[in-house]
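Engineer:
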Amino acid sequence: MKEDFTIARAWLERIQALPIEHPVAVMNVCGGHERSLTQLGLRGVLPPNVKLIPGPGCPVCVCPEEDLADAIALALTGKVTLVAFGDMLRVPINAPKGEVRSLAEARAKGADVRPISSPQEAVALATKSEKPVVFFVAGFETTTAPVAAMLAQGVPENLSVLLAARLTWPAVDALLRDPEARLDALIAPGHVATVMGANEWGFVADKYHLPVAVAGFSANSLLAALYSVLRQKLEGKPFLDNCYAELVAPEGNKRAQALLAGVMEVTDANWRGIGVIPRSGFALRGEWRRYDARERFEFAAQPRRRTGEMPPGCDCAAVVLGKKQPDQCRLYGKACTPQNPVGPCMVSDEGACHIWWQGGTRAAA
Amino acid sequence: MCLGIPMQVVAIDGFNAECEARGVMRTVSLFMIGENEVAVGDYVMVHVGYALRKMTPEDARLSWELFDEILEAAGE
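For the protein sequence lines, the chains are G and H, in the order given.
For the first sequence, the residue numbers in our numbering are 1 to 365.
For the second sequence, the residue numbers in our numbering are 366 to 441.
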C-alpha cells in the first residue's frame with residue numbers, strides 16, 4: 001500500500017490553478033522538509049514562479065567551529081569517551097595543515113570518539129564505563145528536549161554534556177529582520193512545532209506580515225502547506241496555518257517544554273556562517289551546570305584565526321541563509337561531494353547540499 | 366536529526382516502552398509525554414529514542430510510506 005497521492009494531486013492541481021504572476025520565495029527551515037521536497041520531486045512539478053528555498057534547517061551545519069574545536073580538544077585529552085550523533089564526526093573545521101580537523105580524525109589519532117543515535121545510548125555507555133563520558137550535543141529543540149529529559153530523569157555522575165544546541169525560530173527571526181531578505185513565505189518545521197507548539201511561529205505573520213504554515217513530511221501535508229501560504233500571499237492576508245494538526249498542537253508538548261525550561265536556559269549563541277543570534281542557544285541552568293563538560297574538564301582548544309567561518313571557497317554560509325542554492329556553490333559536485341565533503345552542508349543528512357546530491361543533482365548549475 | 370519515526374508500543378515498563386516499526390524493536394523513552402498517556406498498541410512519533418507525541422495508526426502508516434519512499438530514492 002502506497003501513500004494515497006490523489007489528495008496530494010488535488011492539492012497540486014489547486015496550486016497550479018493559482019494566478020501566481022510573480023516569483024514567490026518559500027523557505028523551509030527543516031532538513032526533513034528539504035529531504036521530502038527533494039525526494040518527492042516537488043520542484044519539478046510546481047509552477048515555475050514558486051521558488052522553494054532551503055534555509056537554516058541543519059543543526060550540524062550551523063554548529064560553530066569553536067564548539068567543534070572544544071569537542072576535538074576534549075576528545076584528544078584521552079581522558080574521556082566522547083559521544084555524538086554520527087553526523088558530527090565528519091564535520092570539518094579550519095585548522096592548520098597537519099592538525100586534527102574533525103572528530104573522526106581525532107578518533108583516527110586514538111581519541112575515544114563514538115557515534116550514537118540516542119541520548120539513552122550515552123546513559124547506557126556511562127553506566128557501564130569507569131571513564132567519564134561526554135555527550136556532544138548539536139541539535140534543535142527536537143534533540144535538546146530529549147537531552148533535557150535525559151538529565152531530568154537522572155544520569156550517572158560520570159556523564160556530562162557539551163552543548164551546541166540551538167533554537168530554530170530566532171534564526172528565522174534574524175533572517176526576516178534583514179532588509180535584504182527576499183522571502184515571501186515560510187513553511188514551519190513540523191517536529192520542532194510538535195515539541196514547542198505551532199503558536200511559536202505566529203510571529204512570522206504578526207511581525208513580518210508573511211504567510212506561514214506548519215507542515216509535516218508527507219506530500220499531502222507539504223502541498224497543503226504550500227497551497228496555504230501561496231493563497232495567503234495572493235490574498236494579502238497572512239496568518240499562521242497548521243497543516244500538521246494530527247501531530248502539532250497550538251501549544252505543543254507542554255511536558256517536554258517544562259523539562260526543557262527546567263534544565264536549560266536560553267542564551268545568545270553563535271551560528272556557523274551566520275554569527276551571533278540573540279537568545280538562540282541553550283545552556284544548562286542552575287544546579288544542572290554540574291553536568292556541563294566545560295565546567296568539569298580542562299582542555300585547550302587551538303585558537304582559531306577564522307572563527308565562525310566556513311572552509312575556504314565553501315558557500316555553506318550562503319546556502320544556510322537561503323542566499324544560494326546548493327548547486328550555485330563553486331565546489332558543489334567537484335571538490336565537495338558526500339564522499340569528500342568540504343563544508344558541513346555536504347556532510348550532514350540534513351544539509352541541503354547532501355540532500356540535493358542524494359536527490360540526483362550531481363553538478364554545479 | 367528531526368526525521369521522526371512512528372513506532373507502535375508493544376510493552377511498557379515505567380517510562381520505557383518497547384516499540385516496534387517494520388520488525389525493528391527499540392526501547393523508547395516516554396519521559397517527554399508522561400507514562401500514563403500511552404497504552405500498548407498505540408503509535409508514537411519517535412525522535413532520537415524519545416516519544417514526542419502519540420499519533421493515530423493512520424498517520425503512522427502514512428509516515429512510514431513516506432519514509433520507505435525516501436529510503437528507496439536515497440538508496441545508493
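For every residue, glycine included, the Cβ atom is placed at its ideal position computed from N, Cα and C.
Source: prediction; values computed, not measured.
1. Interface residues of chain H around A10/G at Cβ under 7 Å?
2. Which term fits A122/G, buried or exposed, when burial requires 16 or more other beta carbons within 10 angstroms of its beta carbon?
3. Using 9 Å as the limit for Cβ to Cβ distance, is M1/G near chain H?
4. Given a cut-off of 9 Å, decide if T143/G and P59/G are closer than it, judged by their beta-carbon atoms.
5. Measure the alpha-carbon distance for F217/G versus V134/G and round it to whole angstroms.
6. Any C-beta of chain H sitting closer than 9 Å to the C-beta of P54/G?
7. Determine, using beta carbons only, whether H191/G comes closer than 9 Å to chain H.
8. On the three-pair Cβ rule with 8 Å, is the segment 180-198 of chain G touching the segment 136-156 of chain G?
9. Do the CB positions of L125/G and R107/G come within less than 9 Å of each other?
10. Whole angstroms are fine: how far does the CA of Y408/H sit from the CA of R114/G?
11. Among E157/G, V161/G and P132/G, which has the Cα closest to the Cα of P146/G?
12. Counting contacts by CB-CB distance shorter than 9 Å, is R387/H in contact with chain G?
13. Within the same chain, show all residues whose beta-carbon is closer than 7 Å to that of M420/H, passing over the 5 residues directly before and after it, in chain order.
14. Kindly give me the distance between the Cβ atoms of A293/G and K334/G, rounded to whole angstroms, as I take these residues to be in contact under 8 Å.
15. Helix, strand or coil for Q373/H per DSSP?
16. Identify whether V24/G lies in helix, strand or coil by the three-state DSSP scheme.
17. For chain H, check one thing: does any of its Cβ atoms lie closer than 9 Å to the Cβ of T6/G?
18. Let me make sure I understand the geometry here. Which of W11/G, T127/G, P179/G and D87/G has the alpha-carbon closest to that of V137/G?
19. Taking L259/G as the query, report the chain H residues whose CB atoms sit under 8 Å from its CB, ordered along the chain.
20. Identify every run of the alpha helix (DSSP H) within the segment 190-270 of chain G, keeping only runs that are complete inside it and at least 4 residues long; order them along the chain.
21. Roughly how many whole angstroms lie between the Cα atoms of L151/G and D241/G?
22. Please list the terminal residues of the continuous alpha helix (DSSP H) segment that includes S36/G.
23. Within 10 angstroms of its Cβ, does M390/H collect 16 or more other Cβ (buried), or is it exposed?
24. Can you give, in chain order, each stretch of the alpha helix (DSSP H) that sits fully within the segment 70-143 of chain G and has at least 4 residues?
25. Taking the C-alpha atoms as reference points, what is the distance between C353/G and G98/G?
26. Based on DSSP bridge pairs, tell me the residues matched to C336/G.
27. Expressed to the nearest angstrom, what Euclidean distance is found between the alpha-carbon atoms of E441/H and H209/G?
28. Give me the residue from D206/G, G197/G and K51/G with the minimum Cα distance to A258/G.
29. Kindly list the residues whose CB is nearer than 7 Å to the CB of R296/G, restricted to its own chain and excluding five residues on each side of it in sequence; keep chain order.
30. Between which residues of its own chain and L186/G is the CB-CB distance below 6 Å, once the five residues before and five after are set aside?
31. Name, please, each residue of chain G whose Cβ falls closer than 8 Å to the Cβ of D424/H.
32. Looking at I53/G: is its Cβ nearer than 9 Å to the Cβ of A69/G?
33. List the residues of chain G whose Cβ lies closer than 7 Å to the Cβ of Y408/H, in chain order.
34. Assuming A404/H is part of the beta strand (DSSP E), what are its boundary residues?
35. Would you mind reading off the limits of the beta strand (DSSP E) that contains P278/G?
36. Determine whether the Cβ of N340/G lies closer than 9 Å to any Cβ atom of chain H.
Structural biologist: The structure says:
1. Counting only Cβ-Cβ distances below 7 Å, A10/G has no contacts in chain H at all, with the closest Cβ about 16 Å away.
2. In summary, A122/G is buried, with 16 or more beta-carbon neighbours lying within 10 Å of its beta-carbon over all protein chains present.
3. Residue placement at M1/G cannot be trusted, given a pLDDT of 42 that sits under 50; what the coordinates show is reported in the next sentence. Yes, its Cβ sits closer than 9 Å to a Cβ of chain H.
4. Yes, the Cβ-Cβ distance between P59/G and T143/G is below 9 Å.
5. Taking C-alpha positions only, F217/G is separated from V134/G by approximately 32 Å.
6. It does not; no Cβ of chain H falls within 9 Å.
7. A Cβ of chain H is located within less than 9 Å of the beta carbon of H191/G.
8. Yes: at least three Cβ pairs fall under 8 Å.
9. Cβ atoms of L125/G and R107/G: not closer than 9 Å.
10. The alpha-carbon separation between R114/G and Y408/H amounts to approximately 30 Å.
11. The shortest C-alpha separation from P146/G is found at V161/G.
12. For R387/H, not one C-beta of chain G is nearer than 9 Å to its own C-beta.
13. Only P371, Y408, V409 and M410 meet the Cβ criterion.
14. Not really, about 38 Å apart at Cβ, beyond 8 Å.
15. Reduced to three states, the DSSP call for Q373/H is strand.
16. Strand.
17. At least 9 Å separates the CB of T6/G from every CB of chain H.
18. Across the set W11/G, T127/G, P179/G and D87/G, the C-alpha of D87/G shows the shortest separation from the C-alpha of V137/G.
19. Under a criterion of Cβ atoms nearer than 8 Å, the residues of chain H adjacent to L259/G are, in order, F396 and M397.
20. Those alpha helix (DSSP H) runs which fall completely within the segment 190-270 of chain G and span 4+ residues are 190-196, 202-208, 219-235 and 254-263.
21. About 34 Å.
22. Taken as a continuous stretch (DSSP letters only), the alpha helix (DSSP H) holding S36/G covers G31 to Q39.
23. The residue in question, M390/H, is exposed, as its Cβ has fewer than 16 Cβ neighbours within 10 Å.
24. If one requires a minimum length of 4 residues, the alpha helix (DSSP H) runs lying completely within the segment 70-143 of chain G are 103-108 and 119-128, in chain order.
25. C353/G and G98/G: Cα-Cα distance of roughly 27 Å.
26. C336/G pairs with Y332/G.
27. Below a pLDDT of 50, predicted positions are generally treated as unreliable, and E441/H, at 40, falls in that range; no measurement from the model is reported.
28. The option with the nearest alpha carbon to A258/G is G197/G.
29. Within the same chain, Cβ atoms closer than 7 Å to the Cβ of R296/G are found at S160, the five residues on either side in sequence being excluded.
30. If we look at L186/G and ignore the five residues flanking it on each side, its Cβ neighbours are M27, V204 and V212.
31. In chain order: E246 and L247.
32. No, they are not a contact pair.
33. Result: empty, since nearest Cβ-Cβ is about 11 Å, beyond 7 Å.
34. Looking at the DSSP string, A404/H is not in any beta strand (DSSP E), and its letter there is neither H nor E.
35. Per DSSP, the unbroken beta strand (DSSP E) holding P278/G starts and ends at G275 to L284.
36. The C-beta of N340/G comes no closer than 9 Å to any C-beta of chain H.
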